[in-house]
Amino acid sequence: MRKQIAAANWKMNKSLEEGKSLLEEILSSVESVPSNHEVVFAVPYPYLYPLQSIVEGKNNIFLSAQNCHHKTAGAFTGEVAVDMIASIGLKFCVVGHSERREYFAESNAVLADKVNLCLTKEITPIFCCGEPLDIREAGAQNQYVEQQLQESLFHLDEVAIQKVVIAYEPIWAIGTGKTASSAQAQEMHAHIRSVLSKKYGTEVAAEISILYGGSVKGANAVELFSQPDVDGGLVGGASLVAQEFIQIIKALQ
Ligand code: 13P
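Numbering-wise (the numbering used here), the sequence shown opens with residue 10 and increments by one.
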């Protein structure tokens with residue numbers, strides 16, 4: 010049974026003290042997370058280790074890295090390897106966020122390498138995909154997202170693909186306040202699941218969590234998460250406000 014997941018992406022925000030208070034405030038309102046749900050906080054690298062003791066021992070609550078490098082180790086000043094992330098006990102890493110693709114020129118091929126490295130270390134990649142506005146306006150979003158999946162994920166076998174979480178984040182909905190409608194989200198999530206079904210079979214496809222990201226808020230989370238193929242959210246802005254993210258966690262179905 011696939012998990013329903015509320016994932017916070019703090020991006021490049023908050024000091025350590027602010028982040029600690031935010032995390033503590035959220036967790037004080039979330040007593041227990043049922044076994045079919047997961048709550049994940051993708052926080053800046055320097056906070057991963059210091060914040061770990063806050064989530065340790067709490068069932069189904071995890072920290073995540075926001076990125077990793079695509080090589081195992083070496084002369085890559087300023088970068089962080091998957092081994093390092095694994096060595097502090099992390100279980101999740103966001104891979105291929107559209108901001109990484111856009112500002113750091115990450116290609117589908119490089120993201121395939123990152124996914125592979127994560128899986129060798131038993132880290133769940135939260136693999137982001139999604140189209141820019143011009144592609145949506147041209148009605149070409151389905152092929153665009155399908156190509157992202159093909160080039161970064163479809164080399165995986167049917168066991169490995171089930172260890173990936175997919176996050177559909179239409180770029181035009183990120184940080185713009187312009188959420189995809191629940192119908193638009195469901196339509197793309199169903200498309201992603203049908204592409205997964207074609208490649209891996211319906212049983213495998215049914216096991217893969219597909220999160221929606223793009224202006225998710227407390228006020229729209231229930232409606233989005235109630236769609237049959239929307240298995241939770243990857244949340245930017247609203248994850249920085251305790252009461253908003255608490256509402257989003259509570260909206261998991
Ligand atoms: P917003 O929720 O701020 O639109 O950001 C979405 C996102 O990019 C999460 O990774």
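Cβ coordinates follow ideal geometry from the N, Cα and C atoms, glycine included.
Flag this pair as yes or no: are the beta carbons of residue i and residue j separated by less than 8 Å?
i, j, result
"isoleucine 201", "leucine 142", "no"
"aspartate 166", "arginine 11", "no"
"glutamine 236", "serine 191", "yes"
"valine 48", "valine 39", "yes"
"leucine 99", "glutamate 178", "no"
"alanine 189", "glycine 223", "yes"
"valine 91", "leucine 126", "yes"
"serine 44", "asparagine 69", "yes"
"isoleucine 35", "isoleucine 255", "yes"
"leucine 205", "tyrosine 221", "no"
"leucine 31", "alanine 230", "no"
"alanine 118", "glutamate 160", "yes"
"cysteine 137", "alanine 74", "no"
"lysine 172", "leucine 128", "yes"
Between the alpha carbons of residue i and residue j, how many angstroms are there, rounded?
i, j, result
"asparagine 124", "isoleucine 132", "In the sequence as displayed, the identity of residue 124 is valine instead of asparagine. Distance between the alpha carbons of valine 124 and isoleucine 132: 9 Å."
"methionine 93", "phenylalanine 101", "12 Å"
"alanine 17", "histidine 164", "28 Å"
"lysine 259", "glycine 186", "21 Å"
"alanine 82", "asparagine 76", "15 Å"
"lysine 67", "isoleucine 14", "15 Å"
"lysine 20", "serine 107", "12 Å"
"isoleucine 170", "serine 116", "19 Å"
"phenylalanine 50", "phenylalanine 71", "6 Å"
"threonine 211", "serine 24", "44 Å"
"tyrosine 54", "valine 104", "14 Å"
"tryptophan 181", "leucine 60", "32 Å"
"lysine 226", "serine 248", "8 Å"
"glutamate 146", "histidine 46", "34 Å"
"glutamate 111", "serine 41", "37 Å"
"valine 89", "leucine 162", "22 Å"
"glutamine 152", "isoleucine 144", "10 Å"
"alanine 121", "histidine 78", "11 Å"
"glycine 28", "tyrosine 56", "8 Å"
Check for me: the beta strand (DSSP E) holding residue i runs from which residue to which?
i, result
"leucine 243", "241-244"
"glutamate 47", "46-51"
"alanine 149", "Per DSSP, alanine 149 belongs to no beta strand (DSSP E) and is neither H nor E."
"alanine 247", "Per DSSP, alanine 247 belongs to no beta strand (DSSP E) and is neither H nor E."
"alanine 114", "Element bounds for alanine 114: n/a, residue is neither H nor E."
"isoleucine 14", "13-18"
Quick one: is residue i buried, meaning 16 or more other Cβ sit within 10 Å of its Cβ, or exposed?
i, result
"methionine 197", "buried"
"threonine 86", "exposed"
"glutamine 262", "exposed"
"tyrosine 58", "exposed"
"serine 96", "exposed"
"phenylalanine 113", "exposed"
"glycine 148", "exposed"
"glutamate 140", "buried"
"valine 168", "exposed"
"glycine 184", "exposed"
"alanine 214", "buried"
"alanine 263", "Residue coverage of the chain in this structure runs from 10 to 262, which leaves residue 263 outside it and unanswerable."
"glutamate 253", "buried"
What span of residues does the alpha helix (DSSP H) with residue i cover, start to end?
i, result
"valine 174", "Not the alpha helix (DSSP H): valine 174 falls in the beta strand (DSSP E), residues 174-177."
"leucine 233", "227-234"
"isoleucine 183", "Segment: none, isoleucine 183 is in no alpha helix (DSSP H) and carries neither H nor E."
"cysteine 127", "117-129"
"isoleucine 201", "191-209"
"alanine 95", "91-96"
"glycine 28", "25-38"
**Prompt:** In chain order, what residues have a CB nearer than 6 Å to some heavy atom of ligand 1?
**Reply:** Asn18, His106, Glu178, Ile183, Gly184, Gly222, Gly223, Ser224, Val225, Leu243, Val244, Gly245, Gly246, Ala247
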